[in-house]
DNA sequence: TTTTGAGTTGTTCGA
DNA sequence: GTCGAACAACTCAAA
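In our numbering, the protein residues as written are 6 to 496.
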């Protein structure tokens, strides 16, 4: 093949997907190492081909993240080419226009995306174009993590022990010093045009919170290392405190790599209040482990996005109720902590992890709504919507997944509120109509004395809903439903 | 093949 | 207020 310009090799295409960063990007590094000009491209329809369309919130984040990626590329003398259409067709076209002979990308460890990539690889090969695929989104190679019998893990602890017995994730790569471009740039769509109608009405109230893009991700990690990590073991469950890393959307879109987070966090120590000693940041690294585990499970059990991993749960007597689902989605359940969480989600596209469990438990166990409905809503409204993490989380709460909590573990929304939002600050922030209530009653306004309510300006049933269901009764109903399942599944 | 130990995140009740 | 037991046995993973 003839070179496109004197003294230059054929350009290499770098197909950006869930790796919207310049540093520690193995595909980009590999392309640059070849010494060829680099054509970075993002293909708009590729998420849909991945088996589930990104939700409204996710689209909003993606749009901003792509703008940031384009800026970062331009600082290195490059740019991001935006195209729309079926991935294979777009790549073939672009390869033809630029005389590219190799396309580089990083794997997305999701079943449908993996299948699509196999087809793209085959299709490009037919056109005489090579591909080079790297791992930029997981700490450990999925093929290396297997039981002694060679099978997948279904329990987190042995999975994580196995991961830790493998060699340490390699050090992150630095961003390439320069990104030489082709002699002439191929056409590109304008991001503003493509994303004009990206945010559907359902999640239309979500405001952009956080800073999409690599710079935002790096700043967020720095903030966490300075302000959050030291108190992580004690503060991570407190929605009223900034105790978590808030890296989830950045990790989902690959604005920062788990390797970068791993190495930054491993270098620090954390005070462990239960032991009274300084320890490694193991508690946080385990959270990265859960992310790995979620991808491991999705890879080996691809049907679990819609079907329970424990098959007997297919017969569980869920009660579909559109009105109840809508009340949960709006944050009008009458349980202040649940409503605070759902409103935080709808307002900001994010929810504290502890509260995610509580609202999920309420949907599945108090309302007996199928966990798939909750999973779908989360995918639609979360900026960090991630198929693997979301699937594991919901199946775990519903008790039908890997390493599931026993079904009789049912969160009490009042008790959880008292324990993890002791002053009620989190509820006051997101359920302002209860802000005047003293801490003692803020998690159970229906039990507050009349004079307390009137002084706080709260009229149950008018300014704030009565509990949509009595928790103790709902708990008994859930246990009964679970016992019925056990009987059916038995011999 | 059999055995053994263990399993993210809870709640309630009674002593 | 604090503590341990019960919840219901089951499945997983390794020895």
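Where is the CB? At the ideal position from N, CA and C, for every residue including glycine.
query: In the DSSP assignment, what residue or residues form a beta bridge with residue 111?
result: Answer is 139.
message: Quick test of your reading: residue 33 and residue 147, contact by CB under 8 Å. State the CB separation rounded to the nearest angstrom.
response: Actually they do not touch by this definition, with Cβ atoms about 22 Å apart.
query: Which residues in the same chain as residue 419 place their Cβ atom closer than 6 Å to its Cβ, once the five residues preceding and following it in sequence are excluded?
result: 448 and 449
message: Quick test of your reading: residue 89 and residue 199, contact by CB under 8 Å. State the CB separation rounded to the nearest angstrom.
response: 6 Å
task: Output the distance between the C-alpha atoms of residue 377 and residue 337, rounded to the nearest integer angstrom.
output: 20 Å
field: Start and end residues, alpha helix (DSSP H) containing residue 361
entry: That run of the alpha helix (DSSP H) goes 358-366.
According to DSSP, residues forming a beta bridge with residue 105: Beta-bridge pairing links residue 105 to no other residue.
query: Could you give the distance in angstroms between the alpha-carbon of residue 476 and the alpha-carbon of residue 485?
result: Rounded to the nearest whole angstrom, the CA to CA distance from residue 476 to residue 485 is 14 Å.
query: Which residue comes first and which comes last in the alpha helix (DSSP H) that contains residue 331?
result: Counting along the chain, the alpha helix (DSSP H) containing residue 331 begins and ends at 327-335.
query: Comparing alpha-carbon positions, which option in 298, 75, 21 and 292 lies nearest residue 151?
result: 298
message: Taking the alpha carbon of residue 310 as the reference point, which residue from 81, 112, 393 and 195 has its own alpha carbon closest?
response: 393
task: Assign residue 355 to one of three DSSP states: helix, strand, or coil.
output: Under the three-state reduction of DSSP output, residue 355 falls in the coil class, being neither helix nor strand.
- prompt: In angstroms, rounded to a whole number, what distance separates the CA positions of residue 356 and residue 101?
  reply: 45 Å
- prompt: Quick check: the segment 94-110 against the segment 60-67, are there 3 or more CB pairs under 8 Å?
  reply: no
task: Spatial neighbours of residue 364 within its chain, please: CB distance less than 7 Å, with the 5 preceding and 5 following residues excluded, ordered by chain position.
output: 343, 346 and 347
query: Touch check for the segment 73-87 and the segment 108-117: three-plus C-beta pairs under 8 Å?
result: Fewer than three Cβ pairs drawn from the segment 73-87 and the segment 108-117 lie within less than 8 Å of each other, which leaves the two stretches out of contact.
- prompt: Rounded to whole angstroms, how far is the Cβ of residue 407 from the Cβ of residue 160, which I believe are closer than 8 Å?
  reply: Going by Cβ atoms, the distance from residue 407 to residue 160 rounds to 7 Å, so yes, they are a contact pair.
- prompt: By Cβ distance below 6 Å, which residues in the same chain neighbour residue 435 in space, the five residues on each side in sequence not counted?
  reply: 345, 348 and 349
task: Taking residue 191 as the reference, give the member of 399, 250 and 47 with the closest Cα.
output: 47
- prompt: What is the rounded straight-line gap between the Cα of residue 452 and the Cα of residue 445?
  reply: As the crow flies, the alpha-carbon of residue 452 is around 10 Å from that of residue 445.
- request: Pull up the DSSP beta-bridge partners for residue 21, would you.
  value: 47
- prompt: How long is the line joining the alpha carbons of residue 125 and residue 54, rounded to whole angstroms?
  reply: 11 Å
message: For the beta strand (DSSP E) containing residue 86, name the first residue and the last one.
response: 86-88
task: Name the residue from 134, 193 and 258 whose alpha carbon lies nearest to the alpha carbon of residue 45.
output: 193
task: Out of 216, 224 and 231, point me to the one whose CA is closest to residue 274's CA.
output: 231
- prompt: Under three-state DSSP, which class holds residue 425?
  reply: helix
- request: Could you give the DSSP three-state label for residue 465: helix, strand or coil?
  value: Look at residue 465 here: in three-state DSSP terms it is strand.
- request: Could you tell me whether the Cβ atoms of residue 28 and residue 178 are closer together than 8 Å?
  value: yes
field: Cβ-based burial, residue 498 [other Cβ within 10 Å; buried from 16]
entry: Because the chain in this structure spans residues 6 to 496, residue 498 falls outside the shown range and cannot be described.
task: Return helix, strand or coil for residue 156, following the three-state DSSP convention.
output: coil
- prompt: What does a CB cutoff of less than 6 Å around residue 25 pick up in its chain, not counting 5 residues either side in sequence?
  reply: Non-local beta-carbon contacts of residue 25 in its own chain, meaning distances under 6 Å to residues more than five positions away in sequence, involve 70, 74, 258, 259 and 260 in chain order.
- request: Count the other CB atoms, across all protein chains shown, that sit within 10 Å of the CB of residue 92; report buried if there are 16 or more and exposed otherwise.
  value: Buried, since its Cβ has 16 or more Cβ neighbours within 10 Å.
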